[in-house]
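Quick note on numbering: the sequence shown equals residues 945 to 1583 in our numbering. Below: the structure, in structure tokens.
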Amino acid sequence: VTIDGIRIASTDAESRGLDLSTISQSSLAGIELYKALTSDKDADAIAGSINLVTKKAPSLREINAVLKGGYNDIMSSFKQYDFSFKYGERFFKDLIGVRVNANAESKIRSNEKIDLDYDQSINNQTDYAINDFSLEFTDEVRTRNGGGIMLDINTPDEGNIKINNVYNSTKRDYIIHSRDYPSGGGVGGTVTYSFRDRVQEIKTYTSSISGENNLLGLKLNWGLSYAQSIADYPFDYSIDFHEPSNAGVSGMANTPSLKSNPEKLIPFAYNNFKSATLYEAYYYTQRNFEKERTAFLNASRNYMIGNLMSGELKFGAKYKIKSRSNVTTSEYAPYYLGYWQPYELTADGKIQPKDLSGTLFDAFYQRYLQNPLNNTLAFIEFLDDTPASRDLYGAYKLYPLINRDKMHQWYELNKNGIDKTGNKREYNLDPSNQANYYDISESVSAGYIMNTLKIGQNITFIAGLRIEKESNDYKSKYSPSQIGGFPIPLGVTRDTSSNFTQTIYLPNFHLNIKPTNFMSIRIAAYKALARPDFNMRLSKYFAWRPAQVGIDKQLIVGNPILKTAQAWNYEINTSFYGNQIGLISVSAFYKEIKDMYHMLNRINTTGDTLFHYLGLQWKTLHTGTYALTVPYNSPKPTK
């Protein structure tokens, strides 16, 4: 995806995808879709490419402002707006044009969801019944802001130079409320209340200078560009409460066996929020940063062969280098094991008693001061005096909704919790999360030559060859020993690195024939490629040996020799058109992809046999059966 031909930096944590919600449609003049590649296009567009075209400076002064409002039925709210502003004008007898645009919007993106789980083992797998009914409500506000300024200058050679800067940002601010209504009651009637408070920010920026000029009989198209994206999570906290099953008091009462109408389970919940206690909490951080710098030059020249044939010879080169990093952390607090700590570690390394006086948890703190053994926090401490609820779809009662301010303050008050000796932290880093870390440098050098030949008015033949060489360096983490332990995983990680180089030749052929003035036939054969996701070629190695009984040992590794996928594409398109029939088209395509990359997710295996089959040099630290996650190239073509 590009803006005016300049690639937008990807925003996903692992893949090369782009979150298009960062871009406001009010800034666009149109969208160009290229289904078939030619040699002058980047080759890593295995299914085509999309170019978002921004508005150019108008010949006459233009000032336009639009303000919209909207009503959201789920939240019964008018708190939505969409504002856009555009200004454009040309100066000095059409020599210089200026275009400025800005946008600001806020939309409600709340949603409701239910989920049913079934016991399908009744009567020797011949019958079924609902065994859990979960409800989830997401309260989300999404804001989007952006702007751009473009300056275009007409040059004496009948060319043009364009300077363009585009900035877009999206912020998602949401909290997820969820709970379940397990069926049956008794021992299995424990109710779980789960909440996640999350803020996500995505920012993209592109800056470019490009030109279309004429020199020595050549048409030149050149450019320099810089693209950047930042995806950050300023706050991401999840917390769980368990209400144990206790007949007549808490959890769920004995429920009827149901195949449908799950709302009939709701009245059997005791909703004893004093008996429900804080079970566990997680705090996550994540930051993706990408920047890409590009330089390109294209040159073309027209020619004639007699009176019947004409053509254009085009050649060019491009160099781009991408830097990308991903840093994630996960902190875990197993509160159900008494991990609330009465002390905190200050920024200067001192250990001092916590003071929750005057906070939203003052009552809990005063009880603790009276009896230090009373350090279990009840769910009711996180609720309003009259807990809020919500009827999902107007039919299913989600009760209660947590007080978001209390949830946020609880983490801020306790994130540095520690015992008096300094040996036991309240929130503990999970070393296995380092498997998601990477710091990457990817460079691509490309050159091409392409010829367009026109025979008369009805036949056009395009043939070309593009060569792309990628040279990449990857930094990641690995675990020299197995990571394990209960309740907090223990282990060490170290830095590691790998590199990858590959040169790929990409021919393409296009033939367009117009046998009549109402019919067109287009035949294309071209080669394209797809580069693996950012997390696949890492030299990472994480052997996880959980202490809990019944959980598989896991091994997560990268594949430093993973190849880029290459695809031959064959297309034929026949179109009939006219004032009487409109447009009728019949198309067919065939694609064959070599070395398509995939991810084996938690495949049960033993020993190193699978590593050897994939050509990897890894050796497992595990004995016996373990679940392996590893990327690989498909040994057979994908069609």
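C-beta atoms are modelled at their ideal positions from N, C-alpha and C, and glycine is treated no differently. Owing to the predicted nature of the structure, the values given are computational and were not obtained by experimental measurement.
Per DSSP, E1414 lies in no alpha helix (DSSP H); the unbroken beta strand (DSSP E) holding it starts and ends at 1403 to 1422.
A contact between stretches requires three or more CB pairs, one per stretch, nearer than 8 Å, and the segment 1374 to 1383 meets this requirement with the segment 1265 to 1273.
Checking the DSSP bridge columns, you'll see W1512 partnered with K1471, E1536. Around the C-beta of R1005, fewer than 16 other C-beta atoms lie within 10 Å, and the residue is accordingly described as exposed. Distance from the CA atom of L1257 to the CA atom of D1038, rounded to whole angstroms, is 31 Å. By the criterion of at least three beta-carbon pairs nearer than 8 Å, the segment 1046 to 1058 is not in contact with the segment 1313 to 1328. The residue from D1328, P1476, Y1137, I1119 with its alpha-carbon nearest to that of Q1144 is I1119.
The bridge partners DSSP lists for L1373 are E1275. For F1308, the enclosing alpha helix (DSSP H) starts and ends at 1306 to 1314. Contact annotation: S1122 and L1342 have beta-carbon atoms nearer than 9 Å.
In this structure, G1167 sits near G949, with a CB-CB distance shorter than 9 Å. With a threshold of 16 other beta carbon atoms within 10 Å, A1171 meets it and is buried. About 15 Å separates the CB atoms of D1184 and S1219; that is not less than 8 Å, and the two are not in contact. Take the alpha-carbon of D1496 and the one of P1490: they are about 7 Å apart. At the C-beta level, S1425 and L1565 come within 9 Å of one another.
When only Cα atoms are considered, F1305 and R1086 end up about 30 Å apart. In the three-state reduction of the DSSP assignment, Q1069 falls in the helix class.
Residue environment analysis places L1011 among the exposed positions, since fewer than 16 neighbouring C-beta atoms fall within 10 angstroms of its C-beta. In this structure, the CA atom of L1558 is about 7 Å from the CA atom of Y1576. Setting aside the 5 residues that flank it on each side, N1545 is surrounded in the same chain by T1573, each with a C-beta closer than 6 Å to its C-beta; the list follows chain order.
Proximity to L1554 across P1581, F1233, V1501 peaks at V1501, based on C-alpha coordinates. In the three-state reduction of the DSSP assignment, G1133 falls in the helix class.
Ranked by Cα distance from I1457, the first of L1450, Y1125, A1468 is A1468. Close CB contacts of F1233 within its chain, under the 6 Å cut and outside five residues either way in sequence, are with I1174, S1269 (chain order). According to the DSSP assignment, R1123 belongs to the beta strand (DSSP E) that extends over 1104 to 1126. Straight-line spacing of the CA atoms in E1084 and T1221 works out to 26 Å. In this structure the segment 1196 to 1209 touches the segment 1064 to 1082; the number of beta carbon pairs closer than 8 Å is three or more. The criterion of a C-beta distance shorter than 9 Å is satisfied by G1195 and Y1214.
Within the same chain, Cβ atoms closer than 7 Å to the Cβ of N1347 are found at F1326, L1327, D1328, the five residues on either side in sequence being excluded. Note on T1508: 16 or more other CB atoms within 10 angstroms of its CB, so buried under the neighbour-count rule. Note on geometry: alpha-carbon atoms of N1251 and F1405 lie some 17 Å from one another.
Here DSSP, grouped into helix, strand and coil, assigns E1256 to strand.
For a cut-off of 8 Å, the C-beta gap from E1236 to A957 is around 17 Å, too long to register as a contact. DSSP places D1439 inside the beta strand (DSSP E), whose first and last residues are 1438 to 1460. Using a C-beta cut-off of 8 Å, the segment 1467 to 1481 makes no contact with the segment 1391 to 1398, since fewer than three inter-stretch Cβ pairs fall below that distance. Using a 10 angstroms sphere on the CB of T1330, the tally of other CB atoms stays under 16, which defines it as exposed.
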